[in-house]
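Report on the structure given below.
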Amino acid sequence: MPNNKNWFNASQVQELLEKAAAWSKTHWQTLASAVGVIVVFTALGLYFVSNYMAAKKQCWEKISYAQGYASQGMTAQAIQILDEIIAKYSSSDVGQQARFVKADISYKTGTYNIAATVYQNIINVNRAKSMLPFAYAGLGYSKENLGDYPGAISAYRTFIEKYPNHYLAARVYDSLARVYLVTGSAESAKEMYEKLMTLYPGTYWSQQVQKNFAPPAQKQPVAQPSREIPAPK
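Numbering (my numbering), first residue to last: -3 to 229.
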């Protein structure tokens, strides 16, 4: 004997299917329209995503062009390209890279005020985390060159607090100590130099401290490093 409960449920399902089929026959235009709308919007979504990705890829190529212009001394053309990318993709990784290249070009051409502003913008956007240590270091170097020593100290100290194990840390310690010396804070400078020699022995910056502050008999010649701001890896 069949289970009445299961038979009743099956009948209900059959009835619902028949009603759905009947509705589809009488409302096929509405159903087709709804399906069509879904298909159209899906296609449009894929189209816009595809175009957006292609445009971003083109922007990476434009950044390379901007770097090429800058290397040939065509700074205005380079900055124009980068500004266009920043305006269009402000909060994306490609926008951050465009900012970094703009800041780097500005720093190398001596427009430290622009460099400082752009480095600060990179920090504020807080995108592409691997770029942030370079932005703090670049901000410090730019502020130092502008004579804004409190601003430089703030940037350097923030770098040290956030990225003590970064490969630029020894250089930043040296820069911070130098600014302390310039501003007459000899004790703070001494503290930074001692930390530099303790935490980063064998580095150029540690050797430089020994060269400049050790007794004459202990001084060793040290090769000079590049003074450019390293690019993010």
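Backbone N, C-alpha and C define an ideal beta-carbon position, used for all residues, glycine too. None of the values given here were measured: they were computed from a predicted structure.
- Of the residues assessed, M70 falls on the exposed side of the cut-off, its CB having fewer than 16 other CB atoms within 10 angstroms.
- The C-beta distance from A173 to A182 rounds to 10 Å, too long to fall under 8 Å, and the pair is not in contact.
- Listed in chain order, the non-local C-beta contacts of A94 below 7 Å within the same chain comprise I59, L78, I81 and I82, local neighbours out to five positions each way being set aside.
- About 6 Å separates the Cβ atoms of V114 and S102, confirming a contact at the 8 Å cut-off.
- A direct Cα-Cα distance of roughly 19 Å separates T179 from N208.
- At a cut-off of 4 residues, the continuous stretches assigned as alpha helix (DSSP H) that sit fully inside the stretch 102 to 131 are 108 to 121.
- Straight-line measurement puts the Cα of E57 at about 33 Å from the Cα of T154.
- Within the stretch 141 to 216, no complete beta strand (DSSP E) segment of 3 residues or longer occurs.
- Remark: C-beta atoms of Y152 and G136 approach each other more closely than 7 Å.
- With contacts defined as CB atoms closer than 7 Å, A148 and T199 fail to qualify as a contacting pair.
- In this structure G143 is exposed. Its beta-carbon is surrounded by fewer than 16 other beta-carbon atoms within 10 angstroms.
- Relative to the Cα of D89, the nearest Cα in the group Y145, S171, K52 and L195 belongs to K52.
- Assignment of Q68 by DSSP, reduced to helix, strand and coil, places it in the coil class.
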